[in-house]
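Have a look at the structure below, then the notes.
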Amino acid sequence: MIATRSPSPTHHSPLIVATATQEVASTLATNTHVTAVTIPTASNPPGSRGAAVPWIEYEAENGQTNGETLLPDRTFGTVAAESSGRRAVKLDQAGEYVQFQSTGPANSVVVRFVIPDSEDGQGLEATISLYVDNVFRQKIQLTSKYAWSYGGEEETFNVPKAGGA
Numbered sequence: 001m002i003a004t005r006s007p008s009p010t011h012h013s014p015l016i017v018a019t020a021t022q023e024v025a026s027t028l029a030t031n032t033h034v035t036a037v038t039i040p041t042a043s044n045p046p047g048s049r050g051a052a053v054p055w056i057e058y059e060a061e062n063g064q065t066n067g068e069t070l071l072p073d074r075t076f077g078t079v080a081a082e083s084s085g086r087r088a089v090k091l092d093q094a095g096e097y098v099q100f101q102s103t104g105p106a107n108s109v110v111v112r113f114v115i116p117d118s119e120d121g122q123g124l125e126a127t128i129s130l131y132v133d134n135v136f137r138q139k140i141q142l143t144s145k146y147a148w149s150y151g152g153e154e155e156t157f158n159v160p161k162a163g164g165a
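Residues in the sequence shown are numbered from 1 upward in steps of one, following the working numbering.
If you want it as structure tokens, here you go:
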């Protein structure tokens, strides 16, 4: 999920793209699986609940992507079950991307993602590249150290080999 905060109304609406980069692919060489949930189309369904907030949310599964769009799933421990709307986009190869057209001006981007932890629990690092109007802006660092949980339906625990979402 992406949230962008609107600045002044004088800014134009840029095209924002997050792309899996070579760093993501290099983690695959260590026989690990990298999942990054990135960016895409505004979702504010009619009758949605919650407070009025000063940002716009975009969900990766509503954007244009060449990655794998995960179908809705409520199975405990799956990436989709832990994702907003129970859906997500998996970017696990260099060059995979999610793209959307923003609906208004923005001054920030928040990316929700998950990367499976290493078996030893020390974590994995990866990056995605942020493009605005098809121009590279920066690499965004991702880590599994604070974005992964393990366990069963009744409890969670920090045992990386156990798996989980």
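From the three backbone atoms N, C-alpha and C, an ideal C-beta is built for every residue, glycine too.
- Ala80 and Val135 have their C-alpha atoms some 30 Å from each other.
- Counting the other Cβ atoms within 10 Å of the Cβ of Gly63 gives 16 or more, which makes it buried.
- For Lys139, the enclosing beta strand (DSSP E) covers residues 135 to 143.
- Below 8 Å, enough C-beta pairs join the segment 82 to 97 and the segment 54 to 70 to call them touching: three or more.
- The residue from Val132, Asp133, Ser118 with its alpha-carbon nearest to that of Ser144 is Ser118.
- When only Cα atoms are considered, Arg137 and Glu68 end up about 24 Å apart.
- Burial state of Phe113 is buried, judged by a 10 Å Cβ sphere holding 16 or more other Cβ atoms.
- Looking at Ile140, Asp133, Ala52, the one whose alpha-carbon comes closest to that of Ser102 is Asp133.
- With a threshold of 16 other beta carbon atoms within 10 Å, Pro72 falls short and is exposed.
- For Glu68, the uninterrupted beta strand (DSSP E) segment begins and ends at 68 to 70.
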